[in-house]
Every structure is written in structure tokens, then in C-alpha cells.
Amino acid sequence: MITPKNIFRHELIGLPVKVAHSTHEGLIGIEGKVVDETKSTIRIETDSTEKIIPKGVATFHFYLPDGSIVEVEGKIIIARPEDRIKKKFRKFW
51 MITPKNIFRH ELIGLPVKVA HSTHEGLIGI EGKVVDETKS TIRIETDSTE KIIPKGVATF
111 HFYLPDGSIV EVEGKIIIAR PEDRIKKKFR KFW
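So in the working numbering, spot 18 of the sequence shown is number 68, and the numbers just go up one at a time.
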């Protein structure tokens, strides 16, 4: 089960997400569902289109199935999804 403590080690595809902060003001507020993830980007499906968001410039709010919201800085999750699952993370909160 995905929790705020183990979100780094889980698959992000399928989770609802919102771009909370970004160095690029045009990205702030984009929300939708994660449909794809690469080493340095997240593809978010919005109501009308898909947006590709670079991980390194954004902070994301992921909405977990239990109703909790987890804020994740994109720089922390820069890695291929299959490598990130194996990686050991320091405590970031």
C-alpha cells in the first residue's frame, strides 16, 4: 500500500497530481493524473490535453488513495522509475 513514507519507492503512474510550485510560472496549478514518467519528466493528463512537466523545476502534490496529500520536490525523484524503486532515500520530511 502506498503511504506518504514510501511514496518514493512506488509507481507514480495513475496517481492524481498537482504542480504546487515551479520556477516556471506557467506550470503552477497544472493538475490531473500521471500517465507516464521518465527519468526527468512526468506526463500529466489534464481535462483537455497531456502536459509534460520537468521534475527538476517543480514541486508536486500527489493525492494518495487514502485521501492524504504528499508534497514531493521533483529534484528528489529524478531517476528512472525502475531505478528509483531500488534507491535508498534519506528522510525528507
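Yeah, the Cβ is synthetic: ideal placement off N, Cα and C, and Gly gets one too.
(request) Pick out whichever of L114, I119 and T109 has its Cα sitting closest to the Cα of I126. (result) Start at 1 with the first residue of the sequence shown, and residue 126 comes out as number 76. Per the Cα distances, T109.
(request) Please list the segments of the beta strand (DSSP E) lying wholly inside the segment 64 to 97, counting only runs of 3 or more residues, in order along the chain. (result) For the segment 64 to 97, whole beta strand (DSSP E) runs of length 3 or above, ordered along the chain, are 66 to 72, 81 to 87 and 91 to 95.
(message) Could you check whether V84 and L77 sit closer than 7 Å to each other, using their CB atoms as the reference points?
(response) The sequence position of residue 77 within the sequence shown is 27, counting from 1. The sequence position of residue 84 within the sequence shown is 34, counting from 1. No, the pair does not count as a contact, with Cβ atoms beyond the cut-off.
(message) Starting from E132, trace the beta strand (DSSP E) in both directions and tell me its first and last residue.
(response) The residue given as residue 132 occupies position 82 in the sequence shown. DSSP places E132 in no beta strand (DSSP E) but in the uninterrupted alpha helix (DSSP H) bounded by P131 to R134.
(message) To the nearest angstrom, how far is the alpha carbon of S90 from that of E123?
(response) On the sequence shown, residue 90 is found 40 positions in, with the first residue counted as 1. On the sequence shown, residue 123 is found 73 positions in, with the first residue counted as 1. The alpha-carbon atoms of S90 and E123 are separated by roughly 12 Å.
(request) Express the C-alpha separation of N56 and W143 in angstroms, rounding to a whole number. (result) Position 93 of the sequence shown, counted from the start, is the residue given in the question as residue 143. Position 6 of the sequence shown, counted from the start, is the residue given in the question as residue 56. Because the pLDDT at W143 is just 48, under 50, the model does not fix this residue reliably, and the point stays unresolved.
(request) With distances taken Cα to Cα, identify the nearest neighbour of H71 among T53, L65 and I103. (result) Here residue 71 refers to the residue found at position 21 when the sequence shown is read from its first residue. Checked all of T53, L65 and I103; the closest Cα to H71 is I103.
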